[in-house]
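Colleague: Each residue of the sequence shown is one higher than the last, beginning at 376 in the numbering used here.
Every residue gets a Cβ at the ideal spot worked out from N, C-alpha and C, and that includes glycine.
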Amino acid sequence: MTRSTQATPIPSLFLPSCASDRSVVTSAMVKAYPTVSEDYLKAVDKAKRKLRGLIAEKNCAPLMLRLAWHSAGTFDVSTKTGGPFGTMKNPAEQAHGANAGLEIAVRLLEPIKEQFPTLSYADFYQLAGVVAVEVTGGPDVPFHPGRQDKPEPPQGRLPDATQGSDHLIQVFSTQCLSDQDIAALSGGHTLVSGIVQLASGRCHKDRCGFEGAWTSNPLIFDKSYFKKLLSGASAILTMLGASTLFHAITNPNAEASRALATVGFLLWVGGVALLLPAFMVV
């Protein structure tokens with residue numbers, strides 16, 4: 376017996392804003408999802424329980440969220456290519472500069488993945504990101520299985536953290552994301568990269584090229600990152616090259632600014648499944 380997971384309507388506030396592709400992206404977000412078997416769905420539920428235990432024990436929620444985002448972040452709206460297809464398991468993709476440190480996440484996840492051979496790596500890595508948000512107290516992110524594994528990722532599509540806001544805008548525009556969307560995604564830094572007992576609230580020089588603290592508690596999904604950003608915390612602004620993010624959040628005429636006051640500093644970033652179709656099934 377098989378069944379299709381139902382689509383989740385997306386609040387218009389969180390839809391990408393590039394006019395030419397909005398209808399395409401909206402359609403992708405509310406379409407009927409691939410049909411998977413009942414056994415597959417049961418495996419998803421069992422894997423989710425295992426992931427909760429691993430992430431809580433190893434304090435690795437930030438790393439798992441980063442894995443999920445980097446896996447999804449190769450999506451291109453114009454060509455409908457890229458996205459989370461399980462390619463992060465390949466050493467070649469792990470070797471990309473933007474993915475430094477993610478081999479740790481892959482290594483931690485592999486013993487659980489081996490217990491669920493029916494699950495695709497594409498689904499499994501995104502499920503780890505969903506569970507990471509859940510374990511740290513973030514929003515409930517709907518998970519829709521059905522992604523298929525592919526052999527190789529597209530090249531050169533992730534942003535370079537050293538290139539500043541203009542570069543971010545250019546890269547994320549290929550995913551049909553606005554300045555406000557970029558600001559929301561940036562909020563994922565409320566969970567900073569950490570692993571086992573080294574989750575100290577810091578960036579790691581060998582992973583992202585920066586060294587220093589994002590938040591005081593890297594294992595709680597809260598609004599502390601945005602509070603620091605809105606206060607003009609120089610360390611965050613410097614590490615991000617984030618003048619565009621700061622403007623997008625503080626601009627009184629921006630739709631995102633109104634959202635900040637009503638939905639908790641755009642804490643839909645953990646719900647990137649609701650924002651970026653690549654994180655879902657495309």
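Might you give, ordered along the chain, the residues of its own chain that have their beta carbon closer than 7 Å to the beta carbon of K464, omitting 5 neighbours on each side?
Modeller: Position 89 of the sequence shown, counting from 1, holds the residue named residue 464. For K464, where only same-chain residues beyond five positions count, the Cβ hits under 7 Å are V481, Y496.
Colleague: Does DSSP put T410 in a helix, in a strand, or in coil?
Modeller: Position 35 of the sequence shown, counted from the start, is the residue given in the question as residue 410. Strand, per DSSP.
Colleague: Where do the ends of the alpha helix (DSSP H) carrying K488 lie?
Modeller: As a working note, residue 488 is residue 113 in the sequence shown. K488 -> alpha helix (DSSP H) spans 477-488.
Colleague: Report yes if the CB atom of L440 is closer than 7 Å to the CB atom of A507, and no otherwise.
Modeller: Here residue 440 refers to the residue found at position 65 when the sequence shown is read from its first residue. Here residue 507 refers to the residue found at position 132 when the sequence shown is read from its first residue. Yes. Within cutoff.
Colleague: Who does T511 pair with in a DSSP beta bridge?
Modeller: What you label residue 511 is simply residue 136 of the sequence shown in a count that begins at 1. Bridge partners of T511: none, in fact.
Colleague: So, with DSSP's three-state summary, where would you put D524?
Modeller: As a first step, residue 524 must be located in the sequence shown, where it is residue number 149. If DSSP states are grouped into helix, strand and coil, D524 belongs with coil.
Colleague: Evaluate G461 with the Cβ neighbour count: other Cβ atoms within 10 Å of its Cβ, from every protein chain shown; 16 or more gives buried, anything less gives exposed.
Modeller: Here the question's residue 461 lines up with position 86 in the sequence shown. The residue in question, G461, is buried, as its Cβ has 16 or more Cβ neighbours within 10 Å.
Colleague: So, for P520: in the same chain, excluding its five sequence neighbours on each side, which residues have a beta-carbon less than 6 Å away from its beta-carbon?
Modeller: As a working mapping, residue 520 is identified with position 145 in the sequence shown. So the qualifying residues of the chain are V411, V419, D498.
Colleague: Bridge partners for D556 per DSSP, in chain order?
Modeller: The residue labelled residue 556 in the question sits at position 181 within the sequence shown. DSSP, once it has assigned bridges, lists no residue as partnering D556.
Colleague: Let me know the secondary structure DSSP gives G462 once reduced to three states.
Modeller: What you label residue 462 is simply residue 87 of the sequence shown in a count that begins at 1. Reading off the sequence shown, one finds Thr at residue 462, where the question assumed Gly. Looking at T462 - three-state DSSP - the assignment turns out to be helix.
Colleague: Specify the secondary structure class of D597 as computed by DSSP and reduced to three states.
Modeller: In the sequence shown, residue 597 corresponds to position 222, counting from 1. Coil at D597, not helix or strand.
Colleague: Exposed or buried, what is K602 when buried is set at 16 or more other beta-carbons lying within 10 Å of its beta-carbon?
Modeller: Position 227 of the sequence shown holds residue 602. Exposed is the call here.
Colleague: According to DSSP, which residues form a beta bridge with D451?
Modeller: Translated into positions along the sequence shown, residue 451 becomes position 76. For D451, which the question treats as bridged, DSSP gives the partners T456.
Colleague: I need the straight-line Cα distance from F596 to G513, nearest angstrom please.
Modeller: Counting from one through the sequence shown, the residue named residue 596 turns up at place 221. Counting from one through the sequence shown, the residue named residue 513 turns up at place 138. Their backbone Cα atoms lie some 5 Å apart in a straight line.
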